[in-house]
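S.K.: The sequence shown lines up with residues 0 to 249 when you count with numbering that gives the first Met the number 0.
Yeah, the Cβ is synthetic: ideal placement off N, Cα and C, and Gly gets one too.
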Amino acid sequence: MAADFVLEACVDSLDSALAAKEGGATRLELCANLLIGGTTPMPSLVRRVKAATGLPTHALLRPRFGDFLYTGEEFSLLLEDAAALLEAGADAIVSGFLTPEGDLDRQRLAQLVELCHRAGKRFTLHRAFDMCRDPFAALELCKELGVDTVLTSGQKNTCLEGLPLLEELWPRRGGVELLLGAGISAAAIRRIRESLPQARAFHMSGKITVESPMSYRKGDVSMGLPGFDEYTLWRTDPENLRAARKELME
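Following this line, the structure appears as C-alpha coordinates:
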(Lines of atoms letter the chains of each structure in order from A; the text may use other names.)
(Lines give C-alpha, C1' and ligand atoms only; values in the text may rest on other atoms or scores of the structure.)
Protein backbone atom coordinates (compact mmCIF):
# COMPACT_ATOMS: atom_id res chain seq x y z
CA MET A 0 0.00 0.00 0.00
CA ALA A 1 1.37 3.41 -0.95
CA ALA A 2 2.35 5.73 1.89
CA ASP A 3 -0.01 8.64 2.53
CA PHE A 4 2.96 10.89 3.26
CA VAL A 5 6.07 12.15 1.49
CA LEU A 6 9.46 11.68 3.12
CA GLU A 7 11.91 13.24 0.70
CA ALA A 8 15.61 12.69 1.32
CA CYS A 9 18.09 15.22 -0.03
CA VAL A 10 21.16 13.29 -1.21
CA ASP A 11 24.27 14.04 -3.23
CA SER A 12 25.70 10.58 -3.89
CA LEU A 13 24.65 7.08 -4.86
CA ASP A 14 25.67 5.81 -1.41
CA SER A 15 23.40 8.33 0.30
CA ALA A 16 20.55 7.54 -2.09
CA LEU A 17 20.79 3.85 -1.22
CA ALA A 18 20.94 4.70 2.49
CA ALA A 19 17.85 6.89 2.12
CA LYS A 20 15.95 4.07 0.46
CA GLU A 21 17.02 1.70 3.23
CA GLY A 22 15.70 4.18 5.78
CA GLY A 23 12.29 4.42 4.13
CA ALA A 24 12.44 7.58 2.03
CA THR A 25 9.56 7.78 -0.43
CA ARG A 26 11.28 10.26 -2.73
CA LEU A 27 14.72 11.72 -3.38
CA GLU A 28 15.99 15.18 -4.15
CA LEU A 29 19.28 14.59 -5.90
CA CYS A 30 21.96 17.26 -5.97
CA ALA A 31 25.72 17.66 -5.91
CA ASN A 32 27.71 19.45 -3.21
CA LEU A 33 25.19 19.30 -0.39
CA LEU A 34 27.79 20.98 1.83
CA ILE A 35 27.09 24.31 0.07
CA GLY A 36 23.33 23.83 -0.15
CA GLY A 37 23.44 21.75 -3.31
CA THR A 38 24.18 22.31 -6.98
CA THR A 39 23.08 20.60 -10.19
CA PRO A 40 23.95 16.87 -10.27
CA MET A 41 25.36 15.10 -13.31
CA PRO A 42 22.80 13.36 -15.54
CA SER A 43 24.83 10.17 -15.13
CA LEU A 44 24.19 10.29 -11.38
CA VAL A 45 20.46 10.72 -12.00
CA ARG A 46 20.46 7.61 -14.18
CA ARG A 47 22.42 5.55 -11.66
CA VAL A 48 20.30 6.62 -8.69
CA LYS A 49 17.06 5.93 -10.54
CA ALA A 50 18.27 2.50 -11.60
CA ALA A 51 19.62 1.57 -8.17
CA THR A 52 16.77 2.82 -5.99
CA GLY A 53 13.64 2.85 -8.12
CA LEU A 54 12.50 5.89 -6.14
CA PRO A 55 10.99 9.04 -7.65
CA THR A 56 13.97 11.33 -8.09
CA HIS A 57 13.76 15.11 -8.25
CA ALA A 58 16.91 16.81 -9.55
CA LEU A 59 18.17 20.14 -8.25
CA LEU A 60 18.87 22.80 -10.86
CA ARG A 61 21.31 25.29 -9.33
CA PRO A 62 24.48 26.33 -11.14
CA ARG A 63 26.44 27.68 -8.21
CA PHE A 64 26.57 28.60 -4.55
CA GLY A 65 24.97 31.90 -3.59
CA ASP A 66 21.85 33.85 -4.41
CA PHE A 67 19.13 33.02 -6.93
CA LEU A 68 19.67 35.97 -9.28
CA TYR A 69 21.24 34.49 -12.40
CA THR A 70 22.79 36.10 -15.45
CA GLY A 71 21.35 35.46 -18.90
CA GLU A 72 24.23 33.09 -19.63
CA GLU A 73 23.63 31.17 -16.39
CA PHE A 74 19.93 30.83 -17.14
CA SER A 75 20.61 29.64 -20.68
CA LEU A 76 22.84 26.91 -19.27
CA LEU A 77 20.17 26.04 -16.70
CA LEU A 78 17.67 25.41 -19.48
CA GLU A 79 20.12 23.05 -21.18
CA ASP A 80 20.84 21.28 -17.90
CA ALA A 81 17.13 20.93 -17.13
CA ALA A 82 16.53 19.23 -20.47
CA ALA A 83 19.46 16.87 -19.86
CA LEU A 84 18.25 15.98 -16.35
CA LEU A 85 14.74 15.24 -17.60
CA GLU A 86 16.13 13.12 -20.41
CA ALA A 87 18.23 11.23 -17.84
CA GLY A 88 15.03 10.28 -16.01
CA ALA A 89 14.50 12.97 -13.38
CA ASP A 90 10.86 12.98 -12.29
CA ALA A 91 10.94 16.67 -11.43
CA ILE A 92 13.19 19.70 -11.53
CA VAL A 93 13.83 21.62 -8.32
CA SER A 94 14.84 25.23 -8.88
CA GLY A 95 13.99 28.87 -8.31
CA PHE A 96 14.75 32.38 -9.52
CA LEU A 97 14.52 35.81 -7.94
CA THR A 98 14.57 39.35 -9.29
CA PRO A 99 16.95 41.96 -7.85
CA GLU A 100 13.99 43.30 -5.84
CA GLY A 101 13.41 39.94 -4.14
CA ASP A 102 10.35 38.78 -6.05
CA LEU A 103 10.00 35.47 -7.85
CA ASP A 104 11.09 35.86 -11.47
CA ARG A 105 7.78 35.19 -13.22
CA GLN A 106 9.19 34.76 -16.72
CA ARG A 107 11.96 32.34 -15.81
CA LEU A 108 9.78 30.38 -13.43
CA ALA A 109 7.10 30.02 -16.11
CA GLN A 110 9.69 28.72 -18.60
CA LEU A 111 10.84 25.97 -16.25
CA VAL A 112 7.33 24.95 -15.23
CA GLU A 113 6.34 24.71 -18.90
CA LEU A 114 9.49 22.73 -19.76
CA CYS A 115 8.77 20.20 -17.01
CA HIS A 116 5.06 19.86 -17.68
CA ARG A 117 5.62 19.49 -21.42
CA ALA A 118 7.84 16.50 -20.60
CA GLY A 119 5.18 15.06 -18.29
CA LYS A 120 7.28 15.87 -15.22
CA ARG A 121 6.82 18.08 -12.17
CA PHE A 122 8.41 21.29 -10.92
CA THR A 123 9.37 22.19 -7.36
CA LEU A 124 10.18 25.74 -6.30
CA HIS A 125 13.04 25.39 -3.85
CA ARG A 126 13.92 27.63 -0.94
CA ALA A 127 14.29 30.67 -3.18
CA PHE A 128 10.75 30.96 -1.79
CA ASP A 129 12.27 31.47 1.66
CA MET A 130 14.47 34.29 0.35
CA CYS A 131 11.73 36.28 -1.40
CA ARG A 132 10.27 39.44 0.09
CA ASP A 133 6.56 38.54 -0.02
CA PRO A 134 5.76 34.86 0.56
CA PHE A 135 2.02 35.36 0.12
CA ALA A 136 2.41 36.96 -3.32
CA ALA A 137 4.95 34.27 -4.20
CA LEU A 138 2.54 31.48 -3.29
CA GLU A 139 -0.20 33.08 -5.40
CA LEU A 140 2.19 33.23 -8.36
CA CYS A 141 3.09 29.56 -7.85
CA LYS A 142 -0.60 28.66 -7.98
CA GLU A 143 -1.08 30.75 -11.11
CA LEU A 144 1.88 29.19 -12.94
CA GLY A 145 1.13 25.61 -11.94
CA VAL A 146 4.11 25.01 -9.66
CA ASP A 147 3.58 21.54 -8.20
CA THR A 148 5.56 21.81 -4.96
CA VAL A 149 7.06 24.57 -2.83
CA LEU A 150 9.91 23.60 -0.51
CA THR A 151 9.87 25.96 2.46
CA SER A 152 10.93 26.46 6.05
CA GLY A 153 8.53 29.35 6.54
CA GLN A 154 11.30 31.84 5.68
CA LYS A 155 13.39 30.92 8.72
CA ASN A 156 16.49 28.80 9.24
CA THR A 157 14.35 25.89 10.45
CA CYS A 158 10.73 24.87 10.04
CA LEU A 159 10.19 25.05 13.78
CA GLU A 160 11.20 28.71 13.73
CA GLY A 161 9.06 29.27 10.64
CA LEU A 162 5.90 27.64 12.01
CA PRO A 163 3.94 30.90 12.40
CA LEU A 164 4.30 31.68 8.68
CA LEU A 165 3.69 28.06 7.68
CA GLU A 166 0.42 28.16 9.58
CA GLU A 167 -0.60 31.27 7.62
CA LEU A 168 0.44 29.80 4.28
CA TRP A 169 -1.27 26.47 4.78
CA PRO A 170 -4.89 27.49 4.06
CA ARG A 171 -3.70 29.52 1.05
CA ARG A 172 -1.81 26.69 -0.63
CA GLY A 173 -4.55 25.57 -3.04
CA GLY A 174 -3.28 22.63 -5.06
CA VAL A 175 0.38 23.32 -4.30
CA GLU A 176 2.18 20.72 -2.18
CA LEU A 177 3.96 22.48 0.68
CA LEU A 178 7.09 20.44 1.36
CA LEU A 179 8.52 21.34 4.75
CA GLY A 180 12.31 21.35 4.93
CA ALA A 181 15.18 22.67 7.10
CA GLY A 182 15.96 21.22 10.49
CA ILE A 183 13.70 18.22 9.91
CA SER A 184 14.06 15.21 12.20
CA ALA A 185 11.64 12.82 13.86
CA ALA A 186 11.38 15.17 16.83
CA ALA A 187 10.80 18.20 14.58
CA ILE A 188 8.08 16.37 12.64
CA ARG A 189 6.31 15.58 15.89
CA ARG A 190 6.38 19.21 17.00
CA ILE A 191 5.36 20.59 13.61
CA ARG A 192 2.38 18.27 13.36
CA GLU A 193 1.15 19.38 16.75
CA SER A 194 0.53 22.76 15.08
CA LEU A 195 -0.05 21.52 11.52
CA PRO A 196 -1.58 18.04 11.77
CA GLN A 197 -2.33 18.14 8.02
CA ALA A 198 1.38 18.35 7.15
CA ARG A 199 2.32 15.15 5.34
CA ALA A 200 5.32 16.14 3.19
CA PHE A 201 8.77 16.57 4.71
CA HIS A 202 12.26 17.06 3.28
CA MET A 203 15.44 16.12 5.15
CA SER A 204 19.02 15.04 4.56
CA GLY A 205 19.36 12.86 7.66
CA LYS A 206 23.08 13.37 7.29
CA ILE A 207 25.94 12.30 9.49
CA THR A 208 29.68 12.81 9.06
CA VAL A 209 32.01 9.92 8.29
CA GLU A 210 35.77 9.74 8.14
CA SER A 211 37.43 9.53 4.75
CA PRO A 212 39.26 6.22 4.16
CA MET A 213 42.36 8.19 3.10
CA SER A 214 45.36 7.10 5.17
CA TYR A 215 47.72 9.73 3.73
CA ARG A 216 46.51 13.22 4.58
CA LYS A 217 47.99 16.53 3.43
CA GLY A 218 47.08 18.59 6.46
CA ASP A 219 48.49 21.95 5.32
CA VAL A 220 46.60 22.19 2.01
CA SER A 221 42.87 22.84 1.66
CA MET A 222 40.96 22.14 -1.55
CA GLY A 223 37.55 23.24 -0.30
CA LEU A 224 35.83 25.71 1.96
CA PRO A 225 37.86 27.23 4.81
CA GLY A 226 37.00 25.64 8.12
CA PHE A 227 35.81 22.35 6.62
CA ASP A 228 37.88 19.21 7.00
CA GLU A 229 38.91 17.67 3.67
CA TYR A 230 38.69 14.23 5.21
CA THR A 231 35.21 14.42 6.72
CA LEU A 232 32.42 13.32 4.39
CA TRP A 233 28.66 13.78 4.62
CA ARG A 234 26.42 10.75 4.21
CA THR A 235 22.75 10.00 4.78
CA ASP A 236 22.10 7.90 7.88
CA PRO A 237 19.24 5.44 7.26
CA GLU A 238 18.41 5.49 10.97
CA ASN A 239 17.52 9.19 10.79
CA LEU A 240 15.14 8.50 7.90
CA ARG A 241 13.74 5.45 9.66
CA ALA A 242 12.91 7.47 12.77
CA ALA A 243 11.22 10.18 10.70
CA ARG A 244 9.19 7.61 8.79
CA LYS A 245 8.06 5.98 12.03
CA GLU A 246 6.86 9.37 13.27
CA LEU A 247 4.89 9.94 10.06
CA MET A 248 3.25 6.54 10.29
CA GLU A 249 1.90 7.12 13.80
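Please report the Cβ distance between lysine 120 and leucine 85, rounded to the nearest whole angstrom; I am assuming they are in contact, meaning their Cβ atoms lie under 8 Å.
M.R.: That belief holds up - the Cβ atoms of lysine 120 and leucine 85 are roughly 6 Å apart, short of 8 Å.
S.K.: Look up methionine 0 in the DSSP assignment and say whether it is helix, strand or coil.
M.R.: Summary for methionine 0: the model assigns pLDDT 43, below 50, so the residue's position carries little reliability, and this model does not support an answer.
S.K.: For glutamate 45, report the span of its alpha helix (DSSP H) as first-last.
M.R.: Inspection of the sequence shows that residue 45 is occupied by valine rather than by glutamate. Residues 42-52.
S.K.: So threonine 56 and leucine 27 are in contact, right, with Cβ under 8 Å, and what is the actual spacing, rounded?
M.R.: With 8 Å as the limit, threonine 56 and leucine 27 qualify as a contact, their Cβ atoms being about 5 Å apart.
S.K.: What are the boundary residues of the beta strand (DSSP E) that includes glutamate 176?
M.R.: Taken as a continuous stretch (DSSP letters only), the beta strand (DSSP E) holding glutamate 176 covers 176-180.
S.K.: Let me confirm a value: threonine 123 is counted as buried when at least 16 other C-beta atoms fall within 10 Å, else exposed. Which label applies?
M.R.: Buried is the call here.
S.K.: Starting from histidine 202, follow its DSSP beta bridges and name the residues at the other end.
M.R.: In DSSP, histidine 202 forms a bridge with Glu7, Gly180.
S.K.: Below 8 Å on the Cβ atoms is my contact criterion, and I expect alanine 51 with glycine 95 to pass it. Report the Cβ-Cβ distance as a whole number of Å.
M.R.: The pair is not a contact, with the Cβ atoms about 28 Å apart (cut-off 8 Å).
S.K.: According to DSSP, is leucine 232 helix, strand or coil?
M.R.: Residue state, collapsed to three classes: strand.
S.K.: At what residue ranges does the stretch 61-114 contain a whole run of the beta strand (DSSP E), taking only runs of 3 or more?
M.R.: 91-94, all fully within the stretch 61-114.
S.K.: Could you tell me the boundaries of the alpha helix (DSSP H) in which leucine 240 lies?
M.R.: First-last of the alpha helix (DSSP H) with leucine 240: 237-248.
S.K.: For a quick check, are the C-beta atoms of alanine 24 and alanine 8 less than 8 Å apart?
M.R.: Contact: yes.
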